[in-house]
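Engineer:
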Amino acid sequence: MIHNIPYLAVVALVAIGFWAMIFRKNLIKVIIGIAIIESGVNFFLVALGYRSGAYAPIYTHAPSGQMVLPVPQALTLTSIVIGVAVLALMLSLAVQIYKKQGTLDTRKGVLKK
Amino acid sequence: MQSILTTPSGYWDPLMWLFGLAVAIGFALFIRSLGQKSYNKETDQTKPFISGNPEVSKSESHVKASNLYWGFMESLKSYYSKIMRFHTGNVNDYVLLLVFVIAVMFLIIVLAGVI
Amino acid sequence: MSIDWLLIHSPALIIAVPLFAAFAMPLIKKLGNKTRNGVALATVLLIEILVIMLAKDVFASGARSYVFGAEPGLTLPSGYIVPIRILFHVDGMSAFMAIISATIALVAVIYSLKFMEKETALDRYYLLLLLMMVGMFGMEFTADLFNMFVFLEVLSIASCGLVAYRIHLADAPEGALKFMVISSIGALMVLLATGFLYGQYDALNIAQLAKELQFNFIDKIALVLLLGAFAMKCGSFPMHQWVPDTYSVAPAPISILLVVSTQVSLYALFRVVFTLYGISSNVVVVGWYLIVLGLSTLFIGVTMAIPQKDIKRLISYLGVSQIGYMLIAVGVGFSLFANPVEFEIYGFRAIEGGIFQLINDSMYMGLLFLVSGALYYRIGTRNLDSMGGLARPMKVTSICFLIGSLAIAGIPPFNGFASKFMIYETVYRFNPIISIVAMLVSVLTLAAMVRAFSAAFMGPSLPEFKEVREVPKSMILGMVILASMVVFFGLFPSLIVDNLVEPAVRALISRPSYIISLLGG
Numbered sequence: 775m776i777h778n779i780p781y782l783a784v785v786a787l788v789a790i791g792f793w794a795m796i797f798r799k800n801l802i803k804v805i806i807g808i809a810i811i812e813s814g815v816n817f818f819l820v821a822l823g824y825r826s827g828a829y830a831p832i833y834t835h836a837p838s839g840q841m842v843l844p845v846p847q848a849l850t851l852t853s854i855v856i857g858v859a860v861l862a863l864m865l866s867l868a869v870q871i872y873k874k875q876g877t878l879d880t881r882k883g884v885l886k887k
Numbered sequence: 760m761q762s763i764l765t766t767p768s769g770y771w772d773p774l775m776w777l778f779g780l781a782v783a784i785g786f787a788l789f790i791r792s793l794g795q796k797s798y799n800k801e802t803d804q805t806k807p808f809i810s811g812n813p814e815v816s817k818s819e820s821h822v823k824a825s826n827l828y829w830g831f832m833e834s835l836k837s838y839y840s841k842i843m844r845f846h847t848g849n850v851n852d853y854v855l856l857l858v859f860v861i862a863v864m865f866l867i868i869v870l871a872g873v874i
Numbered sequence: 003m004s005i006d007w008l009l010i011h012s013p014a015l016i017i018a019v020p021l022f023a024a025f026a027m028p029l030i031k032k033l034g035n036k037t038r039n040g041v042a043l044a045t046v047l048l049i050e051i052l053v054i055m056l057a058k059d060v061f062a063s064g065a066r067s068y069v070f071g072a073e074p075g076l077t078l079p080s081g082y083i084v085p086i087r088i089l090f091h092v093d094g095m096s097a098f099m100a101i102i103s104a105t106i107a108l109v110a111v112i113y114s115l116k117f118m119e120k121e122t123a124l125d126r127y128y129l130l131l132l133l134m135m136v137g138m139f140g141m142e143f144t145a146d147l148f149n150m151f152v153f154l155e156v157l158s159i160a161s162c163g164l165v166a167y168r169i170h171l172a173d174a175p176e177g178a179l180k181f182m183v184i185s186s187i188g189a190l191m192v193l194l195a196t197g198f199l200y201g202q203y204d205a206l207n208i209a210q211l212a213k214e215l216q217f218n219f220i221d222k223i224a225l226v227l228l229l230g231a232f233a234m235k236c237g238s239f240p241m242h243q244w245v246p247d248t249y250s251v252a253p254a255p256i257s258i259l260l261v262v263s264t265q266v267s268l269y270a271l272f273r274v275v276f277t278l279y280g281i282s283s284n285v286v287v288v289g290w291y292l293i294v295l296g297l298s299t300l301f302i303g304v305t306m307a308i309p310q311k312d313i314k315r316l317i318s319y320l321g322v323s324q325i326g327y328m329l330i331a332v333g334v335g336f337s338l339f340a341n342p343v344e345f346e347i348y349g350f351r352a353i354e355g356g357i358f359q360l361i362n363d364s365m366y367m368g369l370l371f372l373v374s375g376a377l378y379y380r381i382g383t384r385n386l387d388s389m390g391g392l393a394r395p396m397k398v399t400s401i402c403f404l405i406g407s408l409a410i411a412g413i414p415p416f417n418g419f420a421s422k423f424m425i426y427e428t429v430y431r432f433n434p435i436i437s438i439v440a441m442l443v444s445v446l447t448l449a450a451m452v453r454a455f456s457a458a459f460m461g462p463s464l465p466e467f468k469e470v471r472e473v474p475k476s477m478i479l480g481m482v483i484l485a486s487m488v489v490f491f492g493l494f495p496s497l498i499v500d501n502l503v504e505p506a507v508r509a510l511i512s513r514p515s516y517i518i519s520l521l522g523g
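Residue numbers (our numbering), protein chains in the order written: chain C, 775 to 887; chain Y, 760 to 874; chain X, 3 to 523.
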């Protein structure tokens with residue numbers, strides 16, 4: 775049971791993120807929802823990479839024994855970097871929308887039908 | 760031939776079709792040339808007949824896009840009012856629909872195997 | 003540097019050259035606008051040549067793998083052999099998609115030379131355009147699920163920047179933000195699915211995963227996530243609403259690249275369905291999923307197109323509905339996958355029709371978007387209500403629009419007819435009702451296009467358009483290239499089907515040979 779807690783946290787994070795994206799009407803909060811889902815996914819990848827009793831792949835002179843394959847960590851790093859870029863881009867667009875339309879309400883967009 | 764596309768129950772040859780089209784157009788032009796020759800340009804014969812009402816200017820008589828297919832839209836009003844209400848342009852709904860599709864697929868693919 | 007060397011390294015070069023040229027753009031700008039345009043044009047031309055060379059080789063002598071990093075057969079100290087290398091795998095289907103992307107990118111750059119002239123910061127425009135190409139080629143060539151996610155994000159971020167390029171318009175940032183929200187949520191679902199598969203099989207390589215896949219509970223969840231995410235990215239009902247929002251605000255050359263990028267997502271969907279899961283999944287259920295999505299996409303797309311007042315939204319909704327044809331055809335083929343007899347009789351032809359429709363769709367959708375861009379260039383509006391009588395001053399443009407609309411409606415002898423004919427016939431054998439709905443949609447498409455044509459081009463010449471002239475030559479060239487391809491593909495369909503489409507479909511459906519050519523017997 776105890777080793778499933780990280781996965782439960784992942785489910786909770788993704789669910790909270792989707793809740794924010796579906797039910798919050800403020801664009802900034804929608805973007806925060808994406809950020810939360812993203813942390814959930816990153817957490818999932820890191821949790822996958824954990825092996826009990828093995829060495830983390832960060833030591834140059836690790837004692838002999840099992841060492842974890844660092845692929846999930848590499849994936850997570852890449853995903854975090856991409857996430858930062860996406861977040862910055864979306865926030866800058868939200869600023870532009872506020873300048874043009876004077877509101878961040880998702881229901882008041884000009885593109886519909 | 761490089762143009763013949765065979766399908767399971769026949770074939771499609773665009774060049775032959777074009778040939779047939781040319782023949783049909785030639786035939787239509789031939790029939791047209793049999794018509795009366797007494798048509799005169801520059802006379803009242805070329806004017807539209809609108810029961811003696813004054814003719815509106817050319818640029819006034821252009822039918823705008825929103826007036827085209829008025830009957831079509833009118834007869835399908837109940838369908839279009841529903842479908843237009845569905846297209847909210849709200850980004851929350853876009854995500855909701857993704858979750859909906861994933862949930863339906865989850866029921867069909869994943870749970871169908873479990874139960 | 004011989005031809006052989008170029009050929010061997012072409013999968014990497016096709017990614018690396020635009021990537022390098024993209025980030026060199028801000029420097030090249032210092033040498034003047036002519037040089038900048040020249041370098042952008044030269045890059046896409048070079049890529050087009052490389053892609054055609056590579057595709058010719060792949061069609062003639064089978065798939066080609068390209069290995070980055072370690073030597074093949076790397077063994078870890080623990081004795082564990084993993085395909086830890088990063089692999090590109092170019093088979094017939096990837097090469098086919100690469101031809102589409104490279105051709106459309108070439109046309110987009112030719113068209114942009116004049117079309118975007120009045121805008122500022124064009125170095126960044128070309129930078130993002132080349133990055134979009136990198137993303138597309140990466141998604142087509144990669145044999146690795148995580149790389150697919152990375153290139154999907156590269157493609158999304160670059161396209162988002164370009165959609166918001168005319169940021170001074172009131173609606174551009176909104177369309178771009180919607181696109182980015184949709185793309186990033188889709189990409190995160192892909193990443194989650196990748197995590198599920200990695201956690202089970204310790205591999206990211208598509209071939210390795212396909213070999214070990216057991217289609218258990220976790221695999222099914224991953225399949226659902228991948229299907230949902232890629233179906234949204236390719237704009238199928240009910241997740242199609244972002245498509246018109248995004249396409250209509252982007253500049254016209256970007257709209258045509260966005261059409262191709264949705265097709266690349268469709269390619270990723272087919273790759274997941276055919277290569278990653280293939281026969282080991284529940285083919286009938288997945289096939290019917292594609293068919294139902296395709297049917298509803300067809301119908302909703304075209305009925306939404308008819309009342310539109312914005313010409314680009316009208317074309318975008320038609321683009322949404324055209325995706326439905328490919329989904330239906332490939333879904334029919336896939337649902338027969340487990341039944342070799344019927345698959346040989348008409349399932350294979352159905353997939354061929356769908357893939358042929360893919361290349362045709364990119365051509366005529368591109369043509370229509372370029373024409374709408376030409377109208378915008380001259381009269382500065384997308385509103386159909388304020389257009390009229392434009393056929394008189396813009397003759398070539400109106401003829402191109404006519405060719406494009408007849409092709410999209412499936413009128414012979416244009417290319418749309420040839421592929422739709424294949425789809426109707428094969429789908430009719432599977433289930434006549436689907437075929438009848440598809441034909442009805444074709445009629446409605448013609449109705450929508452007739453409305454747009456008569457509103458914009460027909461009628462008396464309006465006084466406010468006295469000064470309108472034909473668009474500049476480079477824009478005409480872009481449109482004429484696509485229009486002549488539409489006509490050529492329509493007149494010689496079997497030339498294209500036999501030489502381009504069939505090798506692509508053979509590669510798409512042969513899952514075992516994909517695994518063997520990457521991992522060995």
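No residue lacks a Cβ here, since even glycine has one placed at the ideal position from N, Cα and C.
Let me confirm a value: X:D387 is counted as buried when at least 16 other C-beta atoms fall within 10 Å, else exposed. Which label applies?
Structural biologist: Counted from its first residue, the third sequence places residue 387 of chain X at position 385. Classification of X:D387: exposed, given that the 10 Å Cβ count is below 16.
Engineer: Which full runs of the alpha helix (DSSP H) of 4+ residues lie inside the segment 807-871 of chain Y, going along the chain?
Structural biologist: For the segment 807-871 of chain Y, whole alpha helix (DSSP H) runs of length 4 or above, ordered along the chain, are 829-834, 836-845 and 850-864.
Engineer: Please report the straight-line C-alpha distance between Y:N851 and C:S813, rounded to a whole angstrom.
Structural biologist: What you label residue 851 of chain Y is simply residue 92 of the second sequence in a count that begins at 1. What you label residue 813 of chain C is simply residue 39 of the first sequence in a count that begins at 1. Approximately 20 Å between the Cα atoms of the pair.
Engineer: Any C-beta of chain Y within less than 7 Å: which residues of the segment 836-858 of chain C qualify?
Structural biologist: Residues: none.
Engineer: Less than 8 Å between the beta carbons of X:L133 and X:V156, yes or no?
Structural biologist: The residue labelled residue 133 of chain X in the question sits at position 131 within the third sequence. The residue labelled residue 156 of chain X in the question sits at position 154 within the third sequence. Yes, these two residues count as a Cβ contact at 8 Å.
Engineer: Starting from the C-beta of C:Y829, find all residues in its chain whose C-beta is less than 8 Å away, skip the five residues before and the five after it, and write them out in chain order.
Structural biologist: Here residue 829 of chain C refers to the residue found at position 55 when the first sequence is read from its first residue. Result list for C:Y829: A836, P837, G839, Q840, M841 and V842, in chain order.
Engineer: Determine the DSSP secondary structure at C:H835, reduced to helix, strand or coil.
Structural biologist: Within the first sequence, residue 835 of chain C is the residue found at index 61, counting from 1. Three-state result, C:H835: coil.
Engineer: Which runs of the alpha helix (DSSP H) fall wholly inside the segment 380-462 of chain X and span at least 4 residues, in chain order?
Structural biologist: For the segment 380-462 of chain X, whole alpha helix (DSSP H) runs of length 4 or above, ordered along the chain, are 397-410, 417-432 and 434-458.
Engineer: Within its chain, find whatever has a CB closer than 7 Å to the CB of X:T45; leave out the 5 residues flanking it on each side and keep chain order.
Structural biologist: For this step, residue 45 of chain X is matched to residue 43 along the third sequence. Taken in chain order, the residues that qualify are V19, P20, A23 and L132.
Engineer: For Y:S762, go through chain X and note every residue whose CB falls closer than 8 Å to its CB, in chain order.
Structural biologist: In the second sequence, residue 762 of chain Y corresponds to position 3, counting from 1. The contacting residues are L493, F494, P495, S496 and L497.
Engineer: Tell me whether C:P844 is buried or exposed, calling it buried when 16 or more other Cβ atoms sit within 10 Å of its Cβ.
Structural biologist: Position 70 of the first sequence holds residue 844 of chain C. It is exposed - the Cβ of C:P844 has fewer than 16 other Cβ atoms within 10 Å.
Engineer: Measuring alpha carbon to alpha carbon, tell me which of X:I357, X:V287, X:F358 and X:T399 ends up nearest X:A376.
Structural biologist: Here residue 376 of chain X refers to the residue found at position 374 when the third sequence is read from its first residue. Checked all of X:I357, X:V287, X:F358 and X:T399; the closest Cα to X:A376 is X:T399.
Engineer: With distances taken from CA atoms, which of X:T299, X:Y430, X:Y366 and X:N433 is nearest X:I401?
Structural biologist: By one-based count along the third sequence, residue 401 of chain X stands at place 399. The residue with the shortest Cα to Cα distance from X:I401 is X:Y366.
Engineer: Could you spell out where the beta strand (DSSP E) holding Y:Y770 opens and where it closes?
Structural biologist: As a first step, residue 770 of chain Y must be located in the second sequence, where it is residue number 11. Run containing Y:Y770: G769 to W771, per the beta strand (DSSP E) assignment.
Engineer: Could you tell me how far apart the beta carbons of X:S250 and X:S323 are, in whole angstroms, since I believe they sit closer than 8 Å?
Structural biologist: Working through the third sequence from its first residue, we reach residue 250 of chain X at position 248. Working through the third sequence from its first residue, we reach residue 323 of chain X at position 321. In fact, because the Cβ distance is near 16 Å, the residues do not count as touching under 8 Å.
Engineer: My guess is that Y:I839 and X:P309 are in contact by the Cβ rule of under 8 Å, so how many angstroms apart are they, rounded?
Structural biologist: Counting from one through the second sequence, the residue named residue 839 of chain Y turns up at place 80. Counting from one through the third sequence, the residue named residue 309 of chain X turns up at place 307. For the sequence presented, residue 839 of chain Y should be read as Tyr rather than Ile. The Cβ separation is near 7 Å, so the contact holds.
Engineer: When you check each C-beta in the segment 167-193 of chain X against every C-beta of chain C, which residues fall closer than 7 Å?
Structural biologist: Listed by position along the chain: I169, A172, D173, P175, E176, G177, A178, L179, M182, V183, S186, I187, L190 and L193.
Engineer: Is the beta carbon of X:A195 sitting closer than 8 Å to the one on X:L227?
Structural biologist: Walking along the third sequence from the start, residue 195 of chain X turns up at place 193. Walking along the third sequence from the start, residue 227 of chain X turns up at place 225. Yes, the Cβ-Cβ distance between X:A195 and X:L227 is below 8 Å.
Engineer: Is it the case that the Cβ atoms of X:L446 and X:T305 are separated by a distance below 8 Å?
Structural biologist: Against the third sequence, residue 446 of chain X aligns to sequence position 444. Against the third sequence, residue 305 of chain X aligns to sequence position 303. Cβ atoms of X:L446 and X:T305: closer than 8 Å.
Engineer: Counting beta carbon pairs with one atom in the segment 193-208 of chain X and one in the segment 811-826 of chain C, are three or more of them shorter than 8 Å?
Structural biologist: Taking 8 Å as the limit for Cβ pairs, the verdict is that the segment 193-208 of chain X does touch the segment 811-826 of chain C.
Engineer: Go ahead and pull the three-state DSSP assignment for X:R38.
Structural biologist: Counting from one through the third sequence, the residue named residue 38 of chain X turns up at place 36. Of the three classes helix, strand and coil, the one that applies to X:R38 here is helix, per DSSP.
Engineer: Does Y:S825 have its Cβ less than 8 Å from a Cβ in chain X?
Structural biologist: Looking up residue 825 of chain Y in the second sequence gives position 66. At least one chain X Cβ lies under 8 Å of Y:S825.
Engineer: Please go through the same chain and pick out, in chain order, the residues whose beta-carbon is closer than 7 Å to the beta-carbon of X:A270, but skip the five residues on each side of it.
Structural biologist: Here residue 270 of chain X refers to the residue found at position 268 of the third sequence. Contacts found: M141, M150 and F232.
Engineer: I need the straight-line Cα distance from X:S476 to X:S114, nearest angstrom please.
Structural biologist: As a first step, residue 476 of chain X is located in the third sequence; it is residue number 474 there, counting from the start. As a first step, residue 114 of chain X is located in the third sequence; it is residue number 112 there, counting from the start. Approximately 8 Å between the Cα atoms of the pair.
Engineer: Anyone know if the C-beta pair for X:P495 and Y:S768 falls short of 8 Å?
Structural biologist: Here the question's residue 495 of chain X lines up with position 493 in the third sequence. Here the question's residue 768 of chain Y lines up with position 9 in the second sequence. Taking 8 Å as the Cβ cut-off, X:P495 and Y:S768 do not qualify as a contacting pair.
Engineer: Grab me the residues of X:G1's own chain with a C-beta within less than 7 Å of its C-beta, minus the 5 sequence neighbours each way, in chain order.
Structural biologist: This structure cannot settle anything about residue 1 of chain X, because the visible part of chain X is limited to 3 through 523.
Engineer: Sorted by chain position, which residues of the same chain lie with C-beta nearer than 7 Å to X:T299's C-beta, five sequence neighbours on each side aside?
Structural biologist: On the third sequence, residue 299 of chain X is found 297 positions in, with the first residue counted as 1. Once the five neighbours on either side are set aside, the close Cβ partners of X:T299 are S238, F239, H242, V322, S323, I325, G326 and L329.
Engineer: Within 8 Å of any Cβ in chain Y, is that where the Cβ of C:T880 sits?
Structural biologist: Taking the first residue of the first sequence as position 1, residue 880 of chain C is located at position 106. At least one chain Y Cβ lies under 8 Å of C:T880.
Engineer: How about X:G480 and X:I101: are their beta carbons less than 8 Å apart?
Structural biologist: Taking the first residue of the third sequence as 1, we reach residue 480 of chain X at position 478. Taking the first residue of the third sequence as 1, we reach residue 101 of chain X at position 99. No.
Engineer: If we call anything under 8 Å between Cβ atoms a contact, is C:A789 one with C:K803?
Structural biologist: Numbered from 1 along the first sequence, position 15 holds the residue referred to as residue 789 of chain C. Numbered from 1 along the first sequence, position 29 holds the residue referred to as residue 803 of chain C. For C:A789 and C:K803, no; Cβs fall outside 8 Å.
Engineer: Relative to the C-alpha of X:A166, which candidate in X:G356, X:L493 and X:M182 has its C-alpha closest?
Structural biologist: For the purposes of this step, residue 166 of chain X is identified with residue 164 of the third sequence, where counting begins at 1. Among X:G356, X:L493 and X:M182, the Cα nearest to that of X:A166 belongs to X:M182.
Engineer: Is X:A352 closer than 8 Å to X:T428 when the C-beta atoms are compared?
Structural biologist: As a first step, residue 428 of chain X must be located in the third sequence, where it is residue number 426. As a first step, residue 352 of chain X must be located in the third sequence, where it is residue number 350. Yes, Cβ-Cβ distance for X:T428 and X:A352 is below 8 Å.
Engineer: Find out if the Cβ-Cβ distance for the pair X:I49, X:M135 is shorter than 8 Å.
Structural biologist: Taking the first residue of the third sequence as position 1, residue 49 of chain X is located at position 47. Taking the first residue of the third sequence as position 1, residue 135 of chain X is located at position 133. Yes, they are a contact pair.
Engineer: For X:G391, collect the residues of the same chain with a Cβ closer than 6 Å to its Cβ; drop the 5 residues on either side in sequence, then sort them by chain order.
Structural biologist: By 1-based counting over the third sequence, the position of residue 391 of chain X is 389. If we look at X:G391 and ignore the five residues flanking it on each side, its Cβ neighbours are G461, P462, S463 and L464.
Engineer: Report the option in C:M775, C:F817 and C:L801 whose CA atom is closest to the CA atom of C:L787.
Structural biologist: Counted from its first residue, the first sequence places residue 787 of chain C at position 13. The shortest C-alpha separation from C:L787 is found at C:F817.
Engineer: Kindly say whether X:Y200, judged by its beta-carbon, lies nearer than 8 Å to any beta-carbon of chain A.
Structural biologist: Among the protein chains of the structure shown, namely C, Y and X, there is no chain A.
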